[in-house]
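To keep things clear, I will list the structure first and then write my remarks on it.
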Amino acid sequence: ETREIYAPLAHRLGMAAIKWELEDLAFKFLDPEAYNALRKLVRQRRKSRERQILEMQRPLEEALVEAGIPAEVTGRPKHLWSIHRKMLKRHQTYDEIYDLMALRVITDSVQNCYAALGIIHSHWSPVQDRFHDYVATPKSNMYRSIHTTVVGPSGRRYEVQIRTEEMHRTAEYGIAAHWRYKESGGTSEVDEALLWFRQVLEWQKDAREPEEFMEFLRMDLFQGEIFVFTPRGEVKQLPAGASPIDFAFAVHTEVGLHCAGAKVNGRIAPLSRELKNGETVEIITNPKQWPSRDWLGFVKTSRARQKVRQWIRRQEFDEAFRIGQEMFTRELRKARRAKPQEADLQRVSKTLGFREWNEVLAGLARGDVGPSAVIRALYPDEDPHSVVQRTPSALERLTEKIRRSNRGVTIQGVDNLMVRYSQCCQPVPGDDVIGYITRGRGISIHRTDCPNVLNLDSDPGRRVEIEWKAERDDRFFVHLHMEGTDRRGLLGDVARTITDTGTDIQHADMRATHGGMAAEFAVEVQDLVHLRRVMNAVQRVKGVLSVVRRESFGESDLFDD
Numbered sequence: 021e022t023r024e025i026y027a028p029l030a031h032r033l034g035m036a037a038i039k040w041e042l043e044d045l046a047f048k049f050l051d052p053e054a055y056n057a058l059r060k061l062v063r064q065r066r067k068s069r070e071r072q073i074l075e076m077q078r079p080l081e082e083a084l085v086e087a088g089i090p091a092e093v094t095g096r097p098k099h100l101w102s103i104h105r106k107m108l109k110r111h112q113t114y115d116e117i118y119d120l121m122a123l124r125v126i127t128d129s130v131q132n133c134y135a136a137l138g139i140i141h142s143h144w145s146p147v148q149d150r151f152h153d154y155v156a157t158p159k160s161n162m163y164r165s166i167h168t169t170v171v172g173p174s175g176r177r178y179e180v181q182i183r184t185e186e187m188h189r190t191a192e193y194g195i196a197a198h199w200r201y202k203e204s205g206g207t208s209e210v211d212e213a214l215l216w217f218r219q220v221l222e223w224q225k226d227a228r229e230p231e232e233f234m235e236f237l238r239m240d241l242f243q244g245e246i247f248v249f250t251p252r253g254e255v256k257q258l259p260a261g262a263s264p265i266d267f268a269f270a271v272h273t274e275v276g277l278h279c280a281g282a283k284v285n286g287r288i289a290p291l292s293r294e295l296k297n298g299e300t301v302e303i304i305t306n307p308k309q310w311p312s313r314d315w316l317g318f319v320k321t322s323r324a325r326q327k328v329r330q331w332i333r334r335q336e337f338d339e340a341f342r343i344g345q346e347m348f349t350r351e352l353r354k355a356r357r358a359k360p361q362e363a364d365l366q367r368v369s370k371t372l373g374f375r376e377w378n379e380v381l382a383g384l385a386r387g388d389v390g391p392s393a394v395i396r397a398l399y400p401d402e403d404p405h406s407v408v409q410r411t412p413s414a415l416e417r418l419t420e421k422i423r424r425s426n427r428g429v430t431i432q433g434v435d436n437l438m439v440r441y442s443q444c445c446q447p448v449p450g451d452d453v454i455g456y457i458t459r460g461r462g463i464s465i466h467r468t469d470c471p472n473v474l475n476l477d478s479d480p481g482r483r484v485e486i487e488w489k490a491e492r493d494d495r496f497f498v499h500l501h502m503e504g505t506d507r508r509g510l511l512g513d514v515a516r517t518i519t520d521t522g523t524d525i526q527h528a529d530m531r532a533t534h535g536g537m538a539a540e541f542a543v544e545v546q547d548l549v550h551l552r553r554v555m556n557a558v559q560r561v562k563g564v565l566s567v568v569r570r571e572s573f574g575e576s577d578l579f580d581d
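Residues 21 to 581, numbered by our numbering, are exactly what the sequence shown covers, in order.
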């Protein structure tokens with residue numbers, strides 16, 4: 021926890037001294053064997069390391085004095101965790117880590133920082149790809165310094181940091197070094213640094229689960245940084261691997277939400293392209309453009325990921341709300357009830373564990389609550405005007421249960437057995453079917469092409485012939501699987517199309533796929549003709565790629581004996 025959360029937080033606030041201490045303490049307790057071995061090795065090599073530092077420090081001090089640049093040159097010790105991490109990352113031994121030799125130059129002005137850099141590069145050869153100017157482009161934690169690596173005496177490489185005294189205070193103590201200036205109203209840097217913390221509080225509010233919040237936090241704490249430019253030359257700092265979408269949200273939330281395209285260095289580029297240091301990015305917006313699910317596959321910033329997820333959830337909720345509203349209206353008609361009062365709806369919302377009625381309707385569509393449960397909660401009492409009926413006997417209840425279970429079929433040669441429509445293939449009138457006598461669970465009816473009936477031949481005595489005898493009002497459950505594009509409103513259009521065919525939706529579920537979406541619908545149909553009419557209607561909806569009948573749903577009950 022210290023290493024993954026608190027040390028990175030200290031780094032984010034620029035508190036390097038605290039960060040190093042926390043990292044070394046965490047290293048000491050998490051891996052004491054490696055810690056003690058490395059600590060012993062560092063102590064053994066201290067004199068040698070100090071001698072090597074002096075080989076570079078003295079000539080550097082002389083060169084700066086000769087140039088008239090006031091500066092303090094000191095050795096900069098590497099901390100144990102930093103050394104250990106580099107050894108692991110580079111698969112090198114302690115002696116092979118070349119930048120253990122580190123120097124720091126502290127001078128009095130930014131101008132002299134660059135002057136000192138010129139002196140260093142004129143005396144010693146710089147190493148390519150090892151130069152960073154964090155004075156011109158500060159890090160997000162207010163860190164400013166010039167970093168360079170040069171080949172010094174005896175061919176050793178030395179990492180040199182150049183900074184002013186004020187930069188040094190900020191590097192060591194971060195936001196704390198600026199706090200007194202903030203209290204007197206002297207700087208806005210603290211406000212800029214604390215902006216990230218305000219974003220963290222937003223993530224905490226928007227995250228559904230603590231795990232999701234930790235995902236956002238870790239993502240933002242552990243990424244490297246790049247600097248890119250707006251067309252006007254404004255610098256935007258982003259994590260390494262960031263895309264134009266990340267850049268768009270860094271400019272403004274509305275720019276991100278309506279991002280339709282991007283130009284990188286004046287050329288059209290895909291929204292998934294990884295941005296590089298120093299590139300100029302221009303975002304093309306369209307008021308009709310909205311986030312796509314596939315953006316979540318390549319965005320890097322927590323801000324972009326949070327805003328995209330937030331928008332998708334809002335759209336999913338709106339879709340679920342519309343479907344749930346239609347389901348509830350149908351259930352009211354079935355129960356022959358008028359629309360309840362607003363006060364009753366709010367009461368039932370709390371009873372069912374929801375904050376408001378809109379959430380109940382969305383929960384209906386998602387299957388979080390059943391339609392009958394909502395009706396029971398709305399009308400818990402019996403109608404006082406209903407006729408009081410005597411309680412049926414156990415035999416009468418069993419007979420009625422068998423009679424109801426036998427709806428839709430005729431069973432040749434077998435009477436008074438309960439019938440179960442198999443969930444593995446979900447037969448409907450019009451399908452070729454076969455019956456199988458189970459032990460203790462009546463007759464299980466399957467489609468003849470169901471994979472689970474292949475083993476029936478091993479016990480032909482338990483097979484029975486089945487004929488359909490469905491009545492007009494009989495309804496049978498079928499699950500449909502639909503795949504489509506990521507078009508806004510597609511799920512709602514499909515749901516309306518299904519209900520327009522006179523079909524009830526008992527459950528709907530949706531999930532994202534690569535570049536699109538998939539949905540499952542549990543519907544009630546009269547027969548095979550009705551089912552085909554529903555599927556053909558759905559297939560014609562714009563954005564639907566395919567719709568098929570689920571061939572397998574749930575477990576077979578053939579062998580529950």
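For glycine and all other residues, C-beta sits at the position ideal for the given N, C-alpha and C.
Everything numeric in this text was worked out from a predicted model, so none of it was measured.
Rounded Cβ spacing between residue i and residue j (contact assumed at less than 8 Å)
{"i": "T168", "j": "V180", "result": "5 Å"}
{"i": "G298", "j": "F267", "result": "The Cβ separation is near 13 Å, so there is no contact."}
{"i": "V473", "j": "I454", "result": "6 Å"}
{"i": "D524", "j": "E544", "result": "5 Å"}
{"i": "D451", "j": "L548", "result": "6 Å"}
{"i": "G536", "j": "E491", "result": "With 8 Å as the limit, G536 and E491 do not qualify as a contact, their Cβ atoms being about 40 Å apart."}
{"i": "L316", "j": "R329", "result": "7 Å"}
{"i": "V170", "j": "I140", "result": "6 Å"}
Given residue i as reference, the closest of the options once Cα atoms are compared
{"i": "S68", "options": "M121, I103, T94, L398", "result": "M121"}
{"i": "E186", "options": "V171, R176, V125", "result": "V125"}
{"i": "H31", "options": "S312, K159, V448", "result": "K159"}
{"i": "L398", "options": "R375, E379, A385, A363", "result": "A363"}
{"i": "R189", "options": "A262, M35, G387, G563", "result": "M35"}
{"i": "A515", "options": "V85, V564, E485, L548", "result": "V564"}
{"i": "V439", "options": "I457, D451, G450, R375", "result": "I457"}
{"i": "R325", "options": "G383, S263, L352", "result": "S263"}
{"i": "I465", "options": "R483, G450, A91, S442", "result": "S442"}
{"i": "E302", "options": "V85, N285, N556, D338", "result": "N285"}
{"i": "E192", "options": "M162, I166, E70, K370", "result": "M162"}
{"i": "W101", "options": "L384, W40, W331, I73", "result": "W40"}
{"i": "L137", "options": "E116, L108, L80, R110", "result": "L80"}
Opening and closing residue of the beta strand (DSSP E) in which residue i lies
{"i": "D524", "result": "524-533"}
{"i": "P259", "result": "255-259"}
{"i": "A270", "result": "Note, A270: premise wrong, no beta strand (DSSP E); alpha helix (DSSP H) at 264-271."}
{"i": "Q181", "result": "177-184"}
{"i": "W488", "result": "486-489"}
{"i": "E503", "result": "496-505"}
{"i": "E544", "result": "536-545"}
{"i": "R440", "result": "439-441"}
{"i": "S464", "result": "463-467"}
{"i": "C279", "result": "279-284"}
{"i": "P455", "result": "Inspection of the sequence shows that residue 455 is occupied by Gly rather than by Pro. Counting along the chain, the beta strand (DSSP E) containing G455 begins and ends at 453-457."}
Cβ-Cβ distance between residue i and residue j below 8 Å
{"i": "L258", "j": "K327", "result": "no"}
{"i": "V275", "j": "T305", "result": "yes"}
{"i": "R553", "j": "T505", "result": "no"}
{"i": "L61", "j": "R23", "result": "no"}
{"i": "F269", "j": "R313", "result": "no"}
{"i": "L42", "j": "Y26", "result": "yes"}
{"i": "R164", "j": "R183", "result": "yes"}
{"i": "T533", "j": "V558", "result": "no"}
{"i": "N378", "j": "F348", "result": "no"}
{"i": "D529", "j": "R350", "result": "no"}
{"i": "D174", "j": "E75", "result": "According to the sequence shown, residue 174 is Ser rather than Asp. The answer is yes: Cβ separation under 8 Å."}
{"i": "F374", "j": "V448", "result": "no"}
{"i": "L551", "j": "V498", "result": "yes"}
{"i": "H104", "j": "A54", "result": "yes"}
{"i": "A542", "j": "R531", "result": "no"}
{"i": "V93", "j": "L123", "result": "yes"}
{"i": "T113", "j": "I89", "result": "no"}
{"i": "V567", "j": "D513", "result": "no"}
Boundaries of the alpha helix (DSSP H) in which residue i is found, first to last residue
{"i": "T517", "result": "510-520"}
{"i": "A57", "result": "52-64"}
{"i": "L548", "result": "548-559"}
| said: Extract the residue ranges of the beta strand (DSSP E) inside the stretch 294-329, only unbroken runs of 3 or more that lie entirely within it. | reply: 301-305
| message | Threshold first: 4 residues or longer. Then list the alpha helix (DSSP H) segments lying entirely within the stretch 369-404, N to C. | response | 377-386, 391-398
| For the stretch 66-141, which segments carrying the beta strand (DSSP E) assignment without a break, of at least 3 residues, lie completely within its bounds, in sequence order? | 91-95, 122-127
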